[in-house]
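Undergrad:
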Amino acid sequence: MDCIFCKIVDGQIPAKIVYEDDKAIAFEDVNPQAPVHVLIIPRKHISTILDIEEEDKGLIGHMYSVGNEIAKRKNIDSRGFRSVMNCNEDGGQAVFHLHLHILGGRSMQWPPG
Numbered sequence: 817m818d819c820i821f822c823k824i825v826d827g828q829i830p831a832k833i834v835y836e837d838d839k840a841i842a843f844e845d846v847n848p849q850a851p852v853h854v855l856i857i858p859r860k861h862i863s864t865i866l867d868i869e870e871e872d873k874g875l876i877g878h879m880y881s882v883g884n885e886i887a888k889r890k891n892i893d894s895r896g897f898r899s900v901m902n903c904n905e906d907g908g909q910a911v912f913h914l915h916l917h918i919l920g921g922r923s924m925q926w927p928p929g
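Under the numbering used here, think of the first position of the sequence shown as 817, with each following residue one higher.
#1: Assuming VAL854 and ALA842 make a contact with CB atoms under 8 Å, what is their CB distance in whole Å?
#2: Between the region 831 to 838 and the region 899 to 909, can you find at least three pairs of beta-carbon atoms closer than 8 Å?
#3: In the structure shown, what three-state DSSP assignment does PHE912 receive?
#4: Would you identify the three-state DSSP class for ALA887, choosing helix, strand or coil?
#5: Classify VAL825: buried if its beta carbon has 16 or more other beta carbons within 10 angstroms, exposed otherwise.
#6: Could you tell me the distance, in whole angstroms, from the CA atom of PHE821 to the CA atom of VAL911?
#7: Count the other CB atoms within 10 Å of the CB of GLY883; is the residue buried (16 or more) or exposed (fewer)?
#8: Tell me the start and end of each unbroken alpha helix (DSSP H) in the region 818 to 853 that is at least 4 residues and wholly inside, in chain order.
Written as structure tokens, this is what we have:
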């Protein structure tokens, strides 16, 4: 599989990792859209939100828990932050390995698109 995020998980491509455990890795986005922009990916390859299976429910919850921890570490928890998972091209997904964006450090606008 030629997945850039799988290569980060395997250590083949460097990333500025801010968190990792046996289920997920979080790293700074190389093209940040906010002062804080961290991506949280599962170690398991899941292509899109549509590919989440029953057995993955705990993993998805874990990714959001990691997001909460990162928000605290980056001091964006009290003012607020955005957590986003995009799905497929029209949804803004560019890398087809499930990932959760944590964005903060500025006021987020609505609508986002």
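Each residue gets a CB set at the ideal place from its N, CA and C atoms; glycine is no exception.
TA: On the basis of the supplied data:
#1: 5 Å
#2: no
#3: coil
#4: helix
#5: buried
#6: 8 Å
#7: buried
#8: 820 to 825
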